[in-house]
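To keep things clear, I will list the structure first and then write my remarks on it.
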Amino acid sequence: MKNFSENKIFTTFLYLLSIVVIAKLVWFIINLMFLPKEGKEHIETIRAKPLYYRTKLANQSKKIEAPKKVVKKAPTIGTMKGIKLLAIYNSKEVLVVTVKKMSKTKVLSKGEDIDGFKLSSGGSDYAIFKKGGKEFKLSLDKGKTKITSSITSVTPKRDKPKEKTKDDIVDSEDGTEKIVSKGLLSSYTKDIDKVWKDIGIGEHKVNGVLDGFKVNFVKKGSDFEKLGLRRGDILKSVNGQELNSYNAAFSFYKEMNSIENLTLSIKRNNQDMELEYEIK
0 MKNFSENKIF
10 TTFLYLLSIV
20 VIAKLVWFII
30 NLMFLPKEGK
40 EHIETIRAKP
50 LYYRTKLANQ
60 SKKIEAPKKV
70 VKKAPTIGTM
80 KGIKLLAIYN
90 SKEVLVVTVK
100 KMSKTKVLSK
110 GEDIDGFKLS
120 SGGSDYAIFK
130 KGGKEFKLSL
140 DKGKTKITSS
150 ITSVTPKRDK
160 PKEKTKDDIV
170 DSEDGTEKIV
180 SKGLLSSYTK
190 DIDKVWKDIG
200 IGEHKVNGVL
210 DGFKVNFVKK
220 GSDFEKLGLR
230 RGDILKSVNG
240 QELNSYNAAF
250 SFYKEMNSIE
260 NLTLSIKRNN
270 QDMELEYEIK
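Its first residue numbered 0, the sequence shown is counted upward by one per residue in numbering that gives the first Met the number 0.
Given below as structure tokens:
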């Protein structure tokens with residue numbers, strides 16, 4: 000019994016071994032016939048998405064355009080038919096003109112208007128008005144009055160006074176007034192520079208408001224000295240018209256040739272006085 004069981008075990012072992020050998024042989028044949036001679040490694044390909052970064056380079060950036068220059072169109076210079084410029088006073092602070100329409104004259108300061116034409120600026124012999132967004136230029140005719148220097152900046156000149164006729168300025172018989180020839184007044188109205196050679200006048204203000212004109216100097220021996228004016232006098236009014244604006248002063252200056260009697264109210268040493276003149 001013992002020999003029989005050992006033989007059976009040995010036979011079974013040989014059978015299994017034969018199966019393994021046959022399987023190995025079959026695998027070897029298949030390997031030679033179908034599989035590649037060299038082995039291949041398994042490589043797993045990973046598709047990674049590329050990273051994108053936005054960068055602005057100097058040459059890619061948008062060029063900054065220089066601001067465009069706005070060219071202002073010059074306003075149209077029109078005409079003011081029927082209106083004439085008779086006189087102009089132009090200084091750094093003050094602009095006053097006298098204009099004429101038909102038979103009427105009018106004194107204008109900067110900002111005032113005539114027939115809607117507003118006075119805006121001026122030069123030595125012209126004035127600029129504005130109306131409806133347009134500019135209008137009035138020029139002085141030859142022989143008309145132009146004043147371009149400020150009355151506050153005038154300094155006395157030591158020229159010898161010109162000889163006057165004996166009848167230019169005389170006292171009245173009762174001594175209450177002075178008689179002045181029209182020829183003398185006319186010589187001053189036609190030549191404003193002649194005025195500033197003999198007298199200096201500046202603004203007199205009270206609390207910042209114009210309240211007359213102050214005499215800064217009077218040339219010795221001049222007509223203004225003979226008229227009784229002195230340095231320090233404050234001119235308050237002429238024939239009742241207060242001198243509280245350049246318009247008032249300029250208006251009086253233009254009408255001087257048509258005046259027959261003149262009353263000049265002044266303040267001297269804080270005392271109110273009146274100087275009377277008769278124009279002949």
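Glycine residues also receive a C-beta, built at the ideal position from the N, C-alpha and C atoms.
Exercise. Do three or more CB pairs link the stretch 83-95 to the stretch 239-248 at distances below 8 Å?
Worked result: yes
Exercise. What's the C-alpha gap between Glu162 and Lys133?
Worked result: Along the sequence shown, one-based indexing puts residue 162 at 163. Along the sequence shown, one-based indexing puts residue 133 at 134. Here Glu162 scores only 49 on pLDDT, less than 50, and its place in the model should not be relied on; the value that follows carries that caveat. About 50 Å.
Exercise. To which residues of the same chain is Thr10 closer than 6 Å at the C-beta, ignoring the five residues directly before and after it?
Worked result: Against the sequence shown, residue 10 aligns to sequence position 11. The answer is none, since no qualifying residue turns up.
Exercise. Under the DSSP definition of a beta bridge, which residues are partnered with Phe128?
Worked result: For the purposes of this step, residue 128 is identified with residue 129 of the sequence shown, where counting begins at 1. Answer is Leu118 and Phe135.
Problem set entry | Counterpart residues of Val106 in DSSP-defined beta bridges | One-based indexing of the sequence shown puts residue 106 at position 107. Thr97, per the DSSP bridge assignment.
For this session: Mind listing, in chain order, the continuous alpha helix (DSSP H) runs of no fewer than 4 residues lying wholly within the stretch 165-211?
Result: 181-189 and 191-197
Exercise. How would you label Leu16, buried or exposed, when you count the other beta carbons within 10 angstroms and need 16 or more for buried?
Worked result: Reading the sequence shown from its first residue, position 17 is the one you call residue 16. Result: exposed.
Exercise. Taking the continuous alpha helix (DSSP H) assigned at Asn246, which residues delimit it?
Worked result: Start at 1 with the first residue of the sequence shown, and residue 246 comes out as number 247. Its alpha helix (DSSP H) spans residues Tyr245 to Lys253.
Exercise. Within 9 Å (strictly less), CB to CB, does Tyr252 reach chain B?
Worked result: In the displayed structure, chain B is absent; only one protein chain is listed.
Exercise. What are the partner residues of Asp140, as DSSP defines its beta bridges?
Worked result: The sequence position of residue 140 within the sequence shown is 141, counting from 1. Its beta-bridge partners do not exist; DSSP assigns none.
Exercise. Quick one, which of Pro66, Leu274, Asn30 and Ala22 has its alpha-carbon nearest Lys177's?
Worked result: The residue you call residue 177 lines up with position 178 of the sequence shown. Per the Cα distances, Leu274.
Problem set entry | Cα-Cα separation between Lys218 and Leu184, rounded to whole angstroms | As a working note, residue 218 is residue 219 in the sequence shown. As a working note, residue 184 is residue 185 in the sequence shown. Each residue's Cα considered, the two are about 17 Å apart.
Exercise. Which residues mark the beginning and the end of the alpha helix (DSSP H) in which Lys318 is found?
Worked result: No answer is possible for residue 318: it lies beyond the span of the chain, which begins at 0 and ends at 279.
For this session: Would you kindly check if the distance between the Cβ of Phe249 and the Cβ of Leu234 is under 9 Å?
Result: The sequence position of residue 234 within the sequence shown is 235, counting from 1. The sequence position of residue 249 within the sequence shown is 250, counting from 1. Not in contact: Leu234 and Phe249 (Cβ atoms no closer than 9 Å).
Problem set entry | Cβ neighbours of Phe135 in the same chain (closer than 8 Å, five flanking residues each side left out) | As a working mapping, residue 135 is identified with position 136 in the sequence shown. So the list reads Ile76, Gly77, Thr78, Met79, Phe116, Ile127, Phe128 and Lys129, once near-sequence residues are dropped.
For this session: Mind checking which residues open and close the alpha helix (DSSP H) that includes Glu224?
Result: Locating residue 224 in the sequence shown gives position 225, where the first residue counts as 1. Its alpha helix (DSSP H) spans residues Asp222 to Lys225.
For this session: Label Phe27 either buried or exposed according to how many other C-beta atoms from any shown protein chain fall within 10 Å of its C-beta, with 16 as the threshold for buried.
Result: On the sequence shown, position 28 is the one that residue 27 refers to. Exposed is the call here.
For this session: From the DSSP output, in three-state form, read off Leu234 for me.
Result: Within the sequence shown, the letter at position 235 stands for residue 234. Note: Leu234 maps to strand in three-state DSSP.
Problem set entry | Backbone CA spacing between Lys196 and Asp222 [nearest angstrom] | Numbered from its first residue, the sequence shown carries residue 196 at position 197. Numbered from its first residue, the sequence shown carries residue 222 at position 223. Answer to the nearest angstrom: the Cα atoms are 11 Å apart.
Exercise. Can you tell me whether DSSP reads Leu13 as helix, strand or coil?
Worked result: For the purposes of this step, residue 13 is taken as residue 14 along the sequence shown, with counting starting at 1. Leu13 falls in the helix class under three-state DSSP.
Exercise. Straight-line CA distance for Gly110 to Ile87?
Worked result: Position 111 of the sequence shown, counted from the first residue, corresponds to residue 110. Position 88 of the sequence shown, counted from the first residue, corresponds to residue 87. Cα-Cα distance, rounded: 15 Å.
Exercise. In this structure, does DSSP put Lys213 in helix, strand or coil?
Worked result: Your numbering for residue 213 matches position 214 in the sequence shown. Of the three classes helix, strand and coil, the one that applies to Lys213 here is strand, per DSSP.
Exercise. What's the gap between the Cα of Ile8 and the Cα of Ile18?
Worked result: As a working note, residue 8 is residue 9 in the sequence shown. As a working note, residue 18 is residue 19 in the sequence shown. Cα to Cα, Ile8 sits roughly 16 Å from Ile18.
Exercise. Can you name, in chain order, every residue of its own chain whose Cβ lies under 7 Å from the Cβ of Val194, other than the five neighbours on each side?
Worked result: Sequence index remark: in the sequence shown, residue 194 carries index 195 (1-based). Result list for Val194: Tyr187, in chain order.
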